[in-house]
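**Q** One structure coming up, written as structure tokens, with questions to follow.
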Amino acid sequence: NAGVTQTPKFQVLKTGQSMTLQCAQDMNHNSMYWYRQDPGMGLRLIYYSASEGTTDKGEVPNGYNVSRLNKREFSLRLESAAPSQTSVYFCASSEGPRYSWGFGIFNEQFFGPGTRLTVL
Amino acid sequence: DQQVKQNSPSLSVQEGRISILNCDYTNSMFDYFLWYKKYPAEGPTFLISISSIKDKNEDGRFTVFLNKSAKHLSLHIVPSQPGDSAVYFCAASREGSSNTGKLIFGQGTTLQVKP
């Protein structure tokens with residue numbers, strides 16, 4: 013199992029260019045997520061898909077669009093890149109919330125290796 | 066509005082000693098908490114989690130404590146090893162009401178374990 017894979021690993025864009033970041037998971041997970049990581053900011057949720065066929069905005073959705081192509085794949089598109097979108101982007105997936113007797117809720121997310129994007 | 070805060074950007078401990086990483090949250094509706102570890106140029110990896118019905122969860126050298134009245138959780142690593150040197154993120158979610166799995170992350174704490 014490859015887990016969560018992301019392409020590309022690195023990308024340099026000029027302001028105004030567009031690109032799509034690809035993400036795929038082979039764990040048959042229902043939910044998928046896109047985050048960005050910036051220094052001192054932790055990881056912030058951009059968009060998520062709780063199940064195939066649904067997508068919703070996260071904390072920082074402006075300037076991005078997503079497509080849940082099928083259960084395995086969840087892509088993130090920058091239509092007109094801006095320097096403020098320079099960041100490291102992580103895709104994640106999870107089975108969804110489960111409830112375990114004695115433990116309560118359980119719902120860990122598994123992350124891909126990330127895409128480092130620079131917008132000049 | 067930072068709902069999950071890790072107020073210590075960095076922590077340095079000696080190998081073999083205890084590492085204690087702290088995390089505070091503001092939203093009393095959070096019902097599930099996680100810790101992730103991240104090495105440079107890699108994605109975060111899940112370490113340990115705790116549901117709000119518990120106040121402690123252990124997994125080997127890692128223990129997470131949850132104090133709901135103080136809205137505080139901590140991760141204890143005993144004994145610390147040089148391979149534990151990484152950035153640690155705490156995260157929280159409101160699974161009970163939203164069922165979406167959305168996580169809110171803290172800013173991260175860089176742990177350095179010295180040999």
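Protein chains in written order, with the working numbering: chain C, 13 to 132; chain D, 66 to 180.
Glycine included, every Cβ here is placed at the ideal spot set by N, Cα and C.
1. Taking the alpha-carbon positions, what's the A156 (chain D) to L25 (chain C) distance?
2. Verify the CB distance criterion: does F102 (chain C) have a CB-CB separation below 8 Å to chain D?
3. For a contact defined as C-beta to C-beta under 7 Å, what are the partners of D124 (chain D) on chain C?
4. Mark Q172 (chain D) as exposed unless 16 or more other C-beta atoms lie within 10 angstroms of its C-beta, in which case mark it buried.
5. Please confirm whether T130 (chain C) and T98 (chain C) have their CB atoms less than 8 Å apart.
6. Indicate the three-state DSSP secondary structure (helix, strand or coil) for Y148 (chain D) in the structure shown.
7. Counting contacts by CB-CB distance shorter than 8 Å, is Y97 (chain D) in contact with chain C?
8. By the criterion of Cβ-Cβ separation under 8 Å, what are the contact partners of M53 (chain C) in chain D?
9. Put Q97 (chain C) into one of helix, strand or coil per three-state DSSP.
10. Would you call the stretch 97 to 114 of chain C and the stretch 43 to 60 of chain C in contact, with 3 or more CB pairs under 8 Å?
11. Are the CB atoms of S92 (chain C) and G52 (chain C) nearer to each other than 8 Å?
12. Does DSSP put R123 (chain D) in a helix, in a strand, or in coil?
13. Residue range of the beta strand (DSSP E) that M31 (chain C) falls in?
14. Can you tell me which of D:R82, D:N87, D:G81 and D:V69 puts its alpha carbon nearest to the alpha carbon of S75 (chain D)?
15. Going straight from the alpha carbon of D66 (chain D) to that of S139 (chain D), what length do you get?
16. Check each candidate in D:V78, D:F130 and D:S134 and name the one with the smallest Cα separation from W100 (chain D).
17. G70 (chain C) and L57 (chain C): beta carbons closer than 8 Å?
18. How would you list, in chain order, the residues of chain D whose beta-carbon sits under 9 Å from the beta-carbon of I58 (chain C)?
19. Assuming the contact rule is C-beta atoms closer than 8 Å, F122 (chain C) and F102 (chain C) should be a hit. Round their C-beta distance to whole Å, please.
20. Using DSSP bridges, identify the partner residues of F95 (chain D).
21. Alpha carbon to alpha carbon, how far is D38 (chain C) from F86 (chain C)?
22. A135 (chain D): which of D:E107, D:P109 and D:N92 sits nearest, CA to CA?
**A** Let's see:
1. 31 Å
2. yes
3. What D124 (chain D) touches in chain C: nothing, since even the nearest Cβ is about 12 Å away.
4. buried
5. yes
6. For the record, residue 148 (chain D) in the displayed sequence is Gly; it is not Tyr. Looking at G148 (chain D) - three-state DSSP - the assignment turns out to be helix.
7. yes
8. Q172
9. helix
10. yes
11. no
12. Note on residue identity: the sequence assigns Glu, not Arg, to residue 123 (chain D). Correct three-state label for E123 (chain D): strand.
13. M31 to Q37
14. D:N87
15. 21 Å
16. D:F130
17. yes
18. Chain D residues near I58 (chain C): none, gap ~11 Å exceeds 9 Å.
19. The Cβ separation is near 11 Å, so there is no contact.
20. None, per the DSSP bridge assignment.
21. 12 Å
22. D:N92
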